[in-house]
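Residue numbers (my numbering): 181 to 916. Note that CB positions come from ideal geometry on N, CA and C, so glycine has one too. What you are looking at is a predicted structure, and each value in this text was computed from that prediction instead of being measured.
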Ligand code: BGC
């Protein structure tokens, strides 16, 4: 048996053995990925048979997977299996909340659980690679892809990145049939698109790049992510898919990334459109030199690399390096031993009951109670409830963007959730209007329903196609005439003591200022997945006490964007004085701040201790606080730790999240939460762009949101140290 076929041999030996047997064409073939979104064409099959394809995406269904895999394994010369990928972002067929919602749980176990189930289902149908997690920090909600990521904060996103990689891959990439390779995307700074317009230019400082946009990727690499996707965007003059600095120097060099880099969809071909390559051949050359190992759908590598190598313009050793990386992932996944999906297993695993149960538990944890003036929870003895709005009975919106193979027929709507919850009540449903049209003809019916009801639940927001890729918005209001609907309903019932709740489903923060000022209760539901309606009903009627917190700031108006909590200080922080950093026609503060989220109970914070008062770089600061449930219901609180570097050699943010913990407390119960924060987490890039921890004073803030700080303390770092001289540490360890 050839060494590469022998599973008892070490992976590196198998890689080298196989590489030696490959022709240059076959090597380049491994670097090519095509989409089968139009089905398995004869052309695709032929390319696979010739060994000219390394990977396919969008092959769906066990039969198709096995058919194409059989051609690769049995009919190609070397029998190298294909790596089959799909965008399994927040579920495969059992759809979970969108990633922005998952981040709202502030619970990495939630992310790990959702991604693990997604991996299990996808793997069962032969998909062993996902293009997730999306790790783009997003500070601009106009950008539709904010829905796909973990929000605005590098620390929160880094913790979630780690959890997602573990969920998809397990502790390390292996042949475990429940696990798949993850892909950290879109590397890098794709979320910094100017004006929030998708695919747009990103021009940011290296400091912002390293401190804000890089950390989640670094965390994913540290967690062992198998692949990274190079982004579409221009980054400071060099598109991310031709960027030697970010790919070769940082990712593969500084961070020691061992996996492979796949371009985003035709991102190599688009280097010509960016105007950085004169033609596709030059684009191929730039991308391969920068370190892009696989060409997604561009067909640029297949058409040009062979010639470029023959002409001596691309050294063959660059090709070898790329192929090594790709083969390594295939061997580690056990594809050579187990290339096929088992249809029987797929039937047992996909969409099984416990996955739908998990989808409910997870969805509940992602709901954020943004406002509640004594209205929620609703009483179950209400006799007549109006459920109003274009999303109240919509099965599609809950699935959100990128729902893989999710089926809207599986989704539970709010209307259904409410009907199940209060079977004896009369539920009056009125759609009121469409999500986006100008038609107001349904208002009357909605107003009538509201007038007759003892409680009103409005379900408004964005349809699924309004966020995700190529779904940037210039307005952040409720689309169409929905705000008018909300106003009309409110006018009809206000002053009559009828509880009115607004449930907002969206893939981004919305500037619902009018609602926030008038409607007494607001529930932020995002797009919650298949069990959305059940989870929302649980919250509305108090069977679940909401504990989610915002992973992203909600602006009052689009004019405040970008708005994020960890901004720099300026020389004139906003204040009553006119000549300070603010607007003359709008409050500078957000509508709902980062970290915000209410509960049906009250939490008290006490006894902050910060130890030691003086700490050596490399040592750990312990911040402990007691949190007590002072209300009458059990519930979850997310205890948040922020730090402010008082004075440094470069300007620093007003505050930065450095630790968090979601704790569950019964009425009257208290817990001591101890954050063990390594001083490494205080590091930043100094004047010479070397990461340092600086001597000086640091303020500690602990609270319930970035604006609801309950306790403050401080400590001092005794001397300045270079981060390189210290062990790198990723997260604050939290004990309860
Ligand atoms: C998106 C990626 C996605 C890829 C494959 C691209 O358009 O930007 O996020 O993984 O398509 O579907």
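| task | Would you kindly check if the distance between the Cβ of residue 716 and the Cβ of residue 594 is under 8 Å? | result | In the chain shown, the residue the question calls residue 594 occupies position 414. In the chain shown, the residue the question calls residue 716 occupies position 536. Going by C-beta atoms, residue 594 is nearer than 8 Å to residue 716.
*Taking the alpha helix (DSSP H) that residue 300 falls in, what are its first and last residues?*
The residue labelled residue 300 in the question sits at position 120 within the chain shown. Residue 300 -> alpha helix (DSSP H) spans 288 to 304.
Next item on the list: May I ask you to verify whether the region 398 to 405 touches the region 356 to 367, counting CB pairs closer than 8 Å and requiring at least 3?
Entry: The region 398 to 405 makes contact with the region 356 to 367; the number of CB pairs closer than 8 Å reaches 3 or more.
task = Compute the Euclidean distance between the alpha carbons of residue 801 and residue 668, then round it to the nearest angstrom.
result = Residue mapping note: residue 801 aligns to position 621 of the chain shown, counting from 1. Residue mapping note: residue 668 aligns to position 488 of the chain shown, counting from 1. Here the C-alpha atom of residue 801 lies approximately 53 Å from the C-alpha atom of residue 668.
For residue 316, does the count of other Cβ atoms within 10 angstroms reach 16, so buried, or fall short, so exposed?
To locate residue 316, count along the chain shown from 1; it is residue 136. Buried, by the Cβ-count rule.
task = Answer yes or no: the CB of residue 454 versus the heavy atoms of ligand 1, is any distance below 7 Å?
result = The count along the chain shown starts at 1 and reaches residue 454 at position 274. Residue 454: no, Cβ never under 7 Å from ligand 1.
Exercise for the section: Return the chain-ordered ranges of every beta strand (DSSP E) run that is complete within the region 198 to 230 and spans a minimum of 3 residues. Expected result: Within the region 198 to 230, the runs of beta strand (DSSP E) that reach at least 3 residues and sit entirely inside it are, in chain order, 212 to 215.
Which of the three DSSP states is assigned to residue 860 in this structure? Along the chain shown, read from residue 1 onward, the residue named residue 860 stands at position 680. Reduced to three states, the DSSP call for residue 860 is helix.
ask   = Looking at the structure shown, is residue 246 part of a helix, part of a strand, or coil, going by DSSP?
value = In the chain shown, residue 246 corresponds to position 66, counting from 1. Helix at residue 246.
query: Hey, quick one: how far does the alpha helix (DSSP H) through residue 450 stretch, first residue to last?
result: The residue given as residue 450 occupies position 270 in the chain shown. Run containing residue 450: 450 to 454, per the alpha helix (DSSP H) assignment.
> Roughly how many angstroms lie between the CA atoms of residue 759 and residue 752, to the nearest whole one?
Replying inline: Locating residue 759 in the chain shown gives position 579, counting from the first residue. Locating residue 752 in the chain shown gives position 572, counting from the first residue. Roughly 7 Å between the two C-alpha positions.
Can you tell me whether residue 237 sits near ligand 1, meaning its C-beta is under 7 Å from at least one heavy atom of the ligand? For this step, residue 237 is matched to residue 57 along the chain shown. Result yes, Cβ under 7 Å from ligand 1.
| request: Compute the Euclidean distance between the alpha carbons of residue 817 and residue 844, then round it to the nearest angstrom. | output: The residue given as residue 817 occupies position 637 in the chain shown. The residue given as residue 844 occupies position 664 in the chain shown. The alpha-carbon atoms of residue 817 and residue 844 are separated by roughly 7 Å.
Is residue 242 near residue 306, with beta carbons less than 8 Å apart? Position 62 of the chain shown, counted from the first residue, corresponds to residue 242. Position 126 of the chain shown, counted from the first residue, corresponds to residue 306. The Cβ atoms of residue 242 and residue 306 lie closer than 8 Å to each other.
Item checked: Residue span of the beta strand (DSSP E) that contains residue 683, given as start and end -> Translated into the one-based positions of the chain shown, residue 683 becomes position 503. Element bounds for residue 683: 680 to 685.
Mapping the DSSP letters down to three states, classify residue 399 as helix, strand or coil. Position 219 of the chain shown holds residue 399. The answer is helix: DSSP assigns residue 399 an H, G or I state.
Determine, using beta carbons only, whether residue 639 and residue 666 come nearer to each other than 8 Å. Position 459 of the chain shown, counting from 1, holds the residue named residue 639. Position 486 of the chain shown, counting from 1, holds the residue named residue 666. Remark: C-beta atoms of residue 639 and residue 666 do not approach each other more closely than 8 Å.
For this session: Using alpha carbons as the reference points, say which of 216, 355, 350 lies closest to residue 518.
Result: Within the chain shown, residue 518 is the residue found at index 338, counting from 1. Per the C-alpha coordinates, the member of 216, 355, 350 positioned closest to residue 518 is 355.
* Which residues share a DSSP beta bridge with residue 818? -> Indexing the chain shown from 1 puts residue 818 at position 638. According to DSSP, residue 818 bridges with 842.
*Mind listing, in chain order, the continuous alpha helix (DSSP H) runs of no fewer than 4 residues lying wholly within the region 641 to 678?*
Counting only runs of 4 or more, we get 662 to 673.
Check your understanding: Roughly how many whole angstroms lie between the Cα atoms of residue 219 and residue 281?
Key -> Residue mapping note: residue 219 aligns to position 39 of the chain shown, counting from 1. Residue mapping note: residue 281 aligns to position 101 of the chain shown, counting from 1. Their backbone Cα atoms lie some 32 Å apart in a straight line.
- prompt: Do residue 270 and ligand 1 come close, with the Cβ less than 7 Å from some heavy atom?
  reply: Within the chain shown, the letter at position 90 stands for residue 270. No, Cβ of residue 270 sits at least 7 Å from all heavy atoms of ligand 1.
If you run the structure through DSSP and keep just helix, strand and coil, what is residue 407?
For the purposes of this step, residue 407 is taken as the residue at position 227 of the chain shown. Of the three classes helix, strand and coil, the one that applies to residue 407 here is strand, per DSSP.
**Request:** For residue 326, count neighbouring C-beta atoms within 10 Å of its own C-beta (all shown protein chains included) and say buried if the count is 16 or more, exposed if not.
**Result:** Position 146 of the chain shown holds residue 326. Residue 326 is buried by the Cβ-count criterion.
* Secondary structure of residue 789, DSSP reduced to three states -> For the purposes of this step, residue 789 is taken as residue 609 along the chain shown, with counting starting at 1. Of the three classes helix, strand and coil, the one that applies to residue 789 here is strand, per DSSP.
(message) Check whether the region 464 to 474 and the region 431 to 443 touch, using three or more Cβ-Cβ pairs below 8 Å as the test.
(response) Touching, yes, given that three or more Cβ pairs across the two stretches are closer than 8 Å.
Original post:
At a cut of 8 Å, does the region 639 to 653 reach the region 547 to 555 through at least three beta carbon pairs?
Top reply: With contact defined as three or more Cβ pairs closer than 8 Å, the region 639 to 653 and the region 547 to 555 are not in contact.
| message | Taking the straight line between their C-alpha atoms, what separation do you get for residue 274 and residue 585? | response | Residue numbering aside, residue 274 sits at position 94 when the chain shown is read from its first letter. Residue numbering aside, residue 585 sits at position 405 when the chain shown is read from its first letter. Taking the straight line joining both Cα atoms gives about 8 Å.
task = Examine ligand 1 and report whether any of its heavy atoms sits within less than 7 Å of the Cβ of residue 450.
result = Taking the first residue of the chain shown as 1, we reach residue 450 at position 270. No.
task = Spatial neighbours of residue 464 within its chain, please: CB distance less than 7 Å, with the 5 preceding and 5 following residues excluded, ordered by chain position.
result = Here residue 464 refers to the residue found at position 284 of the chain shown. Cβ neighbours of residue 464 beyond the five flanking positions: 448, 480, 481, 484, 485, 488.
**Message:** Looking at ligand 1, does it come within less than 7 Å of residue 267, judged from the CB to the closest heavy atom?
**Reply:** What you label residue 267 is simply residue 87 of the chain shown in a count that begins at 1. Within the cutoff, so yes.
Practice task
Run the CB neighbour count on residue 409, radius 10 Å, all protein chains shown included, and call it buried at 16 or more, exposed below.
Solution key: By one-based count along the chain shown, residue 409 stands at place 229. With 16 or more Cβ atoms within 10 Å of its Cβ, residue 409 is classed as buried.
Out of curiosity, what's the CA-to-CA distance linking residue 236 and residue 252?
The residue labelled residue 236 in the question sits at position 56 within the chain shown. The residue labelled residue 252 in the question sits at position 72 within the chain shown. Cα-Cα distance, rounded: 11 Å.
Is the CB-CB distance between residue 591 and residue 378 below 8 Å? Taking the chain shown and counting its residues from 1, one reaches residue 591 at position 411. Taking the chain shown and counting its residues from 1, one reaches residue 378 at position 198. In this structure, residue 378 does not lie closer than 8 Å to residue 591 by Cβ.
Could you tell me the boundaries of the alpha helix (DSSP H) in which residue 359 lies?
Along the chain shown, one-based indexing puts residue 359 at 179. DSSP places residue 359 in no alpha helix (DSSP H); its state is neither H nor E.
* Asked: What is the DSSP secondary structure of residue 536, reduced to helix, strand or coil?
  -> Position 356 of the chain shown, counted from the first residue, corresponds to residue 536. In this structure, residue 536 counts as helix in the three-state DSSP scheme.
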